[in-house]
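If you want my numbering, it's the 1-based position in the sequence shown plus 13.
Glycine included, each C-beta is placed from N, C-alpha and C at the ideal position.
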Amino acid sequence: MKIERTPDLLVIDNRPIFIAALLSIMLLAFMAGGIRMLMEGLWGQGLLFVLGMPLFFGVFFALFVRRNQLVLNRQTGELLHRRRTIFGHTETRFELAALAGAEVQYSRSDGKQTRRMAYVLSEGPDAGTHPFTTAYSSGNNAQRAADAVNAWLAEARGETDRAG
């Protein structure tokens, strides 16, 4: 997760490069195995690996490889949430004044705690909590992102000393 911060702009960019690379490597390995099976005359298994595995990994790629970008812009007074998948992209715009802050949402999976950042809108028709990413993940990126949003908001609203 990449965070770029200026007094007038905060950009949080989440690109799941690791999972995309991992799925691609696994797909290539299965495809190579399928081609080898075809060369050895194992037509059933070979075709399953060559034709079935791209579909299988394609579903995982579509579900888990999503780029998310959150842009807080003081000059335009906007919060912009961009989401991009292999199928296309969406942009959702909100009034920056409606942004109350950010929080970390938690989930338990196999006994391990995972997290994601969500931003909270306090007013307007879209008031409520909006997840930044659809997936939860381990690590501290969600907390880093929430802290960055809250610190930037406090600074932008004059609630903290700019030097601190």
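Since residue i sits in a beta bridge, which residues does DSSP pair it with?
| i | result |
| --- | --- |
| residue 107 | 92 |
| residue 76 | Looking at the DSSP assignment, residue 76 forms no beta bridge with any residue, so it has no partner. |
| residue 81 | 27, 96 |
| residue 118 | 129 |
| residue 144 | 131 |
| residue 86 | 22, 91 |
Exposed or buried, residue i, counting other C-beta atoms within 10 Å across all chains shown (16 or more means buried)?
| i | result |
| --- | --- |
| residue 176 | Because the pLDDT at residue 176 is just 46, under 50, the model does not fix this residue reliably, and the value given afterwards should be weighed accordingly. Exposed, because fewer than 16 other Cβ atoms sit within 10 Å of the Cβ of residue 176. |
| residue 27 | buried |
| residue 25 | buried |
| residue 62 | buried |
| residue 56 | exposed |
| residue 166 | buried |
| residue 146 | buried |
Would you say residue i lies against chain C (beta-carbon separation less than 8 Å)?
| i | result |
| --- | --- |
| residue 37 | Looking at the structure shown, chain C is missing, and only one protein chain is on hand. |
Beta carbon of residue i, beta carbon of residue j: below 8 Å?
| i | j | result |
| --- | --- | --- |
| residue 104 | residue 92 | no |
| residue 66 | residue 54 | no |
| residue 96 | residue 86 | no |
| residue 77 | residue 32 | yes |
| residue 151 | residue 129 | no |
| residue 118 | residue 138 | no |
| residue 110 | residue 90 | yes |
| residue 154 | residue 14 | yes |
Taking residue i as the reference, give the member of the options with the closest Cα.
| i | options | result |
| --- | --- | --- |
| residue 140 | 113, 39, 38, 90 | 113 |
| residue 159 | 69, 17, 116 | 116 |
| residue 88 | 77, 65, 20 | 20 |
| residue 133 | 142, 106, 84 | 142 |
| residue 42 | 16, 168, 165, 70 | 70 |
| residue 23 | 84, 32, 51, 50 | 84 |
| residue 4 | 99, 163, 45, 90 | Outside the displayed range of the chain (14 to 177) lies residue 4, so it cannot be described from this structure. |
| residue 17 | 74, 99, 157 | 157 |
| residue 73 | 34, 107, 49, 170 | 34 |
| residue 121 | 107, 148, 172 | 148 |
| residue 99 | 131, 79, 135, 164 | 79 |
| residue 131 | 161, 123, 125 | 161 |
Hey, is residue i close to the ligand GDP, as in C-beta under 7 Å from one of its heavy atoms?
| i | result |
| --- | --- |
| residue 19 | The ligand GDP is absent from the structure shown, which contains no ligand whatsoever. |
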